[in-house]
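50 is the number that UniProt numbering gives to position 50 of the sequence shown; each next residue is one higher, with no gaps. We treat Cβ as the ideally placed atom computed from N, Cα and C, and that holds for glycine. A quick write-up on the structure given underneath.
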Amino acid sequence: MQIQVVKSKIHRVKVTGADLNYIGSITIDEALMEAANLIEGEKVSIVNINNGERFETYVIVGEKNSGAITLNGPAARKVQKDDIIIIISYATLEFEEAKTFKPWIVFPNENDNSLT
Numbered sequence: 001m002q003i004q005v006v007k008s009k010i011h012r013v014k015v016t017g018a019d020l021n022y023i024g025s026i027t028i029d030e031a032l033m034e035a036a037n038l039i040e041g042e043k044v045s046i047v048n049i050n051n052g053e054r055f056e057t058y059v060i061v062g063e064k065n066s067g068a069i070t071l072n073g074p075a076a077r078k079v080q081k082d083d084i085i086i087i088i089s090y091a092t093l094e095f096e097e098a099k100t101f102k103p104w105i106v107f108p109n110e111n112d113n114s115l116t
């Protein structure tokens, strides 16, 4: 039997922009992606702390150490600049493997999205 578990989580990060005219996705600072073990194109769930919105999109690499967290395309309607969001990705694992799996969880600084 397989189950889905949290693989990666960027907990409480500030939205730095929303670009409705982009084709879609979320742009994430490359340093945050590396820390959370996310890759370009990976499907993620977004939870908006400010308004309760929950939605899915995919990751695009943003400039390293820029603090960039930009929602693009239709997802831009679900956030506002400076909203606090949680970014989550999941993995499908065998049940026994899932019991010992440890996710990558990142707690960035909410003021500037840095890792320090």
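The C-beta distance from V44 to P103 rounds to 13 Å, too long to meet the 8 Å contact threshold. Contact annotation: G17 and K81 have beta-carbon atoms nearer than 8 Å. If you look at A18, you'll find it in the beta strand (DSSP E) that goes 17-19. Boundaries of the beta strand (DSSP E) around K14: 2-14. Proximity of the segment 23-43 to the segment 54-69 meets the contact definition, three or more beta-carbon pairs being nearer than 8 Å.
Within the DSSP secondary-structure output, Y58 pairs in a beta bridge with K43. L32: member of the alpha helix (DSSP H) spanning 30-36, first to last residue.
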